[in-house]
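S.K.: Quick one: the structure is below, questions incoming.
Protein chains: 2
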Amino acid sequence: VTIDLVLVGFGNVAKRFVTLLAERDATLRRDYGAAVRIVGIATKRHGQIFSTRGVDPGAFATASAPRETNRPLTSVEFIRRATRASRAAARQGRLVVVETTTLDIRRGEPAIAHVRTALAGGAHVVTANKGPAAFAHRALARAATQAGRRFLFEGAVMDGIPIFNLVRETLTAVNVAGFRGIVNSTTNFILTGMEQGQSFESALLEMQARGIAEADPSLDVDGWDAAAKTAAMANVFLGAAITPQDVQREGVTPAAAARAQTARASGRRLKLVASAAREGRRVRARVALEELEASDLLAGVEGQQNAVILRTDLLDEIAIVQQGGGLTHTAYALLSDLLTIVRGASRRPPRAAPRGRSL
Amino acid sequence: VTIDLVLVGFGNVAKRFVTLLAERDATLRRDYGAAVRIVGIATKRHGQIFSTRGVDPGAFATASAPRETNRPLTSVEFIRRATRASRAAARQGRLVVVETTTLDIRRGEPAIAHVRTALAGGAHVVTANKGPAAFAHRALARAATQAGRRFLFEGAVMDGIPIFNLVRETLTAVNVAGFRGIVNSTTNFILTGMEQGQSFESALLEMQARGIAEADPSLDVDGWDAAAKTAAMANVFLGAAITPQDVQREGVTPAAAARAQTARASGRRLKLVASAAREGRRVRARVALEELEASDLLAGVEGQQNAVILRTDLLDEIAIVQQGGGLTHTAYALLSDLLTIVRGASRRPPRAAPRGRSL
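Protein sequences appear in the order of chains A and B. Those letters in the first sequence? Residues 68 to 426, per my numbering, in order. Those letters in the second sequence? Residues 68 to 426, per my numbering, in order.
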């Protein structure tokens with residue numbers, strides 16, 4: 068089977084995803100009988116390209132001028148036209164929109180519209196953007212079910228470390244009652260540094276130099292990134308319908324240095340902990356600085372490491388820990404979601420033709 | 068679909084599995100459209116029972132005399148006859164042999180024969196016994212593929228914590244280069260206790276009282292249990308074909324107390340670490356006492372906790388940590404393997420889908 072991909076967003080993650088696809092091409096063909104072809108790319112500033120016969124992302128990546136379309140379409144209109152032009156692939160369940168635009172922390176747009184439009188066009192959707200799951204998981208999951216297509220977002224939390232996959236594929240008969248985790252690398256790195264006497268600014272600069280923190284680090288240090296991840300996990304694991312704004316939120320400031328050092332001196336650790344739990348019929352979610360006992364697994368999560376501890380009914384607590392991170396991890400998240408789709412496609416015929424195909 | 072189960076072994080794990088099935092009956096029916104029926108039970112000392120119309124494990128559990136068969140069959144012969152009598156269910160891919168006999172550390176028998184016989188009879192096999200994967204994974208996996216049936220053993224390591232599932236279902240495009248872990252609760256509990264001045268004997272008695280350690284604890288304290296788990300993981304994750312005898316092995320003795328205390332005094336921890344890695348074309352596996360730096364995730368694995376750290380090519384290191392254990396965990400492992408089969412059965416015809424068939 069040939070899987071047709073439409074890339075919406077073509078930054079570093081998408082580019083690494085493309086090279087990773089090439090590196091794992093043999094695995095895809097041998098283990099899944101699947102060949103992958105890129106049929107469309109929409110970038111923010113470097114134009115758009117589309118051809119049902121396939122496009123060359125390598126050539127596109129090096130070109131600086133807009134291609135194919137002189138007046139670029141909006142990204143939503145691009146997806147609408149691309150899925151319409153690929154309707155045969157869409158009908159056969161082998162069209163996938165790979166969404167890697169950046170997070171908008173106010174409303175999660177236009178990523179949510181990208182997902183909706185792709186599903187309406189009969190495509191599966193894979194995204195590394197936290198927005199759709201953090202702001203609109205319930206509606207988008209329902210839209211995906213109705214369309215008989217997948218909406219997957221493994222890369223939204225802990226890069227490629229399989230947290231959503233873990234729950235969906237391996238804990239199917241387990242109920243998750245809550246979770247606690249350290250899910251933002253920049254703030255964890257800053258806290259670890261400040262404990263040891265490094266200044267807030269110096270630790271932040273180090274993370275920016277390594278490409279982990281953004282030039283505008285406010286999403287990280289203000290706790291918004293962690294809040295978006297917390298909302299996404301609460302929505303998926305606990306069936307909540309919250310947004311990042313509903314997450315009680317605290318960030319990391321230079322003022323936390325003294326507290327981090329005092330905690331450390333007494334054998335404890337100051338950590339920015341993301342957590343959520345059911346409280347009656349509601350879900351309470353928060354991101355807060357907490358002083359943890361040394362025996363707490365999260366206390367030992369250092370520097371760029373991330374971890375999530377799931378509290379379950381049958382298996383007590385299960386922790387999954389990410390020891391390293393980076394571009395390849397996030398790119399792998401997209402690949403792993405793609406493989407989930409390919410495995411599904413090879414196992415069963417697609418459901419009835421998706422609604423809204425006539426867009 | 069109705070799944071017919073043949074239980075081979077009917078100790079505490081199997082009994083908890085049966086009650087867990089009842090507890091999750093609604094989930095099975097609603098989420099999977101599956102009803103589960105027990106058609107046969109073979110015990111070691113309390114006889115055997117079989118009926119294609121279903122048997123009552125509750126009644127059987129309370130009866131002490133052998134039932135149905137006055138002269139019990141061998142367990143292998145029981146499986147042969149049971150699969151033959153259930154051949155319609157077997158042909159339809161809805162017959163599952165649930166194997167929970169105890170580990171034989173010399174050869175892994177008769178569990179291996181149980182698996183072979185079940186697969187040959189067209190049944191899927193689920194086992195909590197480490198033996199088959201530790202001694203004969205390659206041959207049994209091949210037999211399963213040839214039969215178009217599953218051979219699953221999530222409970223062999225870390226009870227129900229999904230370590231085999233994690234790799235199989237969520238790390239499909241990742242190569243595992245090696246692993247390190249703490250996989251035996253009894254020895255880890257003893258080491259933690261001895262660090263704090265508890266005697267070896269007292270810690271061991273405590274584990275026996277809690278039902279974690281066996282009356283004959285030699286498999287645990289001599290490192291054999293950990294070696295069997297190491298062999299199973301090496302065989303599955305690294306494609307090895309080793310047995311527990313090929314694992315370089317060390318156990319925990321009262322003499323380790325002083326070393327554990329000295330390590331602790333200097334901020335380090337003495338742990339019984341199971342590990343394996345590829346070395347050229349061979350796989351080197353061992354179970355050994357190691358002094359770990361405090362920053363090592365395994366150093367913080369206390370008491371009955373277990374953990375495995377996978378070293379991968381794309382995602383660096385991923386750790387999965389079990390914070391608690393017990394009978395329900397192991398019973399869940401069987402249930403989770405059963406659900407893997409049910410999901411497969413509902414997605415595709417029991418025989419491998421023909422290649423190249425359109426989506």
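The C-beta atom is built at its ideal place from N, Cα and C for all residues, glycine as well. Please read all numbers here as calculations on a predicted model, not as lab measurements.
1. Tell me, to the nearest whole angstrom, how far the beta carbon of B:A301 is from that of B:A343; I am working on the premise that it is less than 8 angstroms.
2. Tell me the residue span of the beta strand (DSSP E) that contains A:T379.
3. In or out: A:R154 buried (at least 16 other Cβ within 10 Å) or exposed?
4. Could you spell out where the alpha helix (DSSP H) holding A:G245 opens and where it closes?
5. Any beta carbon of chain A sitting closer than 8 angstroms to that of B:H191?
6. Check B:Q213 in the structure and name its three-state DSSP category.
7. Just how far apart, CA to CA, sit B:I172 and B:A280?
8. Within 10 Å of its beta-carbon, does A:T141 have 16 or more other beta-carbons around it, so buried, or fewer, so exposed?
9. Which one or two residues does DSSP pair with B:S342 in a beta bridge?
10. Helix, strand or coil for B:Q328 per DSSP?
11. Do we get a CB-CB distance below 8 angstroms when we pair B:R209 with the residues of chain A?
12. Taking the continuous beta strand (DSSP E) assigned at A:E273, which residues delimit it?
13. Applying the criterion that 16 or more other CB atoms from any shown protein chain within 10 Å of the CB defines a buried residue, is A:L406 buried or exposed?
14. Could you check if A:A276 is buried or exposed, using at least 16 other CB atoms within 10 Å of its CB as the buried criterion?
15. With which residues is A:V58 paired in a DSSP beta bridge?
16. Can you find a C-beta in chain A that's less than 8 angstroms from the C-beta of B:P321?
17. Provide the residue span of the beta strand (DSSP E) that contains B:I279, from first to last.
18. Decide yes or no for the touch test of the region 285-301 of chain B against the region 212-225 of chain B: beta carbon pairs closer than 8 angstroms, at least 3 of them.
19. Mapping DSSP to helix, strand and coil, what is B:A132?
20. For the beta strand (DSSP E) that B:L365 lies in, which residues bound it at each end?
21. Give every residue of the same chain whose Cβ lies closer than 7 angstroms to the Cβ of B:G175, excluding the five residues on either side of it in the sequence, and list them in chain order.
22. Under 8 angstroms, Cβ to Cβ, is there at least one residue of chain D near A:S403?
23. If the cut-off is 7 angstroms on Cβ atoms, which residues from the region 381-403 of chain A count as contacting chain B, listed in chain order?
24. Please tell me whether B:S252 has its Cβ less than 8 angstroms away from any Cβ of chain A.
25. Could you list which residues in chain B have their beta carbon closer than 7 angstroms to that of A:N255, in chain order?
26. Using 8 angstroms for Cβ pairs, my map puts B:V165 next to B:V75. What's the rounded Cβ distance?
27. Can you list, in chain order, the residues of its chain with a C-beta nearer than 8 angstroms to that of A:R83? Leave out the 5 residues immediately preceding and following it.
28. Go ahead and label A:T266 buried or exposed: buried means 16 or more other beta carbons lie within 10 angstroms of its beta carbon, across all protein chains shown.
29. Does the beta-carbon of B:S252 have 16 or more other beta-carbons within 10 angstroms, so that it is buried, or is it exposed?
30. So A:I230 packs on A:K338, CB below 8 angstroms; how close in whole Å?
31. Grab the span of the alpha helix (DSSP H) containing B:L286 for me, first residue to last.
32. Using a Cβ-Cβ cut-off of 6 angstroms (strictly less than) and excluding sequence neighbours within five positions of B:S131, which residues of its own chain qualify?
33. Going by Cα to Cα distance, which pick from A:V182, A:I376, A:A244 and A:L359 is closest to A:R349?
34. If the cut-off is 8 angstroms on Cβ atoms, which residues from the region 238-251 of chain B count as contacting chain A, listed in chain order?
35. Which residues in the same chain as B:A168 place their Cβ atom closer than 8 angstroms to its Cβ, once the five residues preceding and following it in sequence are excluded?
36. Is there a Cβ from chain B that is less than 8 angstroms from the Cβ of A:T194?
M.R.: Let me spell this out:
1. 4 angstroms
2. N373 to T379
3. buried
4. Note, A:G245: premise wrong, no alpha helix (DSSP H); beta strand (DSSP E) at V243 to I249.
5. Output row for B:H191: interface = no.
6. helix
7. 16 angstroms
8. Flag for A:T141 reads exposed.
9. B:R247 and B:R353
10. helix
11. no
12. Where A:E273 is concerned, there is no enclosing beta strand (DSSP E), although the alpha helix (DSSP H) it sits in stretches over F267 to A276.
13. buried
14. exposed
15. This structure cannot speak to residue 58 of chain A, because chain A is shown only from 68 to 426.
16. no
17. Note, B:I279: premise wrong, no beta strand (DSSP E); not H, not E.
18. Between the region 285-301 of chain B and the region 212-225 of chain B, the count of C-beta pairs closer than 8 angstroms reaches three or more; the two stretches touch.
19. Residue confidence is low: B:A132 scores 47 on pLDDT, short of 50, so the model does not pin down where it sits. Its coordinate-derived value is still stated next. Here B:A132 sits in coil by DSSP.
20. No beta strand (DSSP E) contains B:L365, which DSSP labels as neither H nor E.
21. G198, P199, A201, F202 and A203
22. The structure shown has no chain D; the protein chains it does contain are A and B.
23. L381, L382, D383, E384, I385, A386, I387, V388, Q389, Q390, G391, T395, H396, Y399, L402 and S403
24. no
25. Ordered by position in chain B, no residue passes the 7 angstroms Cβ test against A:N255, which lies about 14 angstroms from the chain.
26. 7 angstroms
27. Excluding residues within five positions, the ones whose Cβ falls inside 8 angstroms are L394, T395, T397 and A398.
28. Per the sequence presented here, residue 266 of chain A reads as Ser, with Thr not at that position. Classification of A:S266: exposed, given that the 10 Å Cβ count is below 16.
29. buried
30. Going by Cβ atoms, the distance from A:I230 to A:K338 rounds to 18 angstroms, so no, they are not a contact pair.
31. S285 to V288
32. With a pLDDT of only 49 at B:S131, under 50, the local geometry of the prediction cannot be trusted, and no value is derived from it.
33. A:A244
34. L238, T239, A240 and V241
35. Going by the sequence as given, residue 168 of chain B is Thr instead of Ala. Excluding sequence neighbours, B:T168 sits near V75, G76, K111, S142, P177, A178, H181 and N196.
36. No, because no Cβ of chain B sits closer than 8 angstroms to the Cβ of A:T194.
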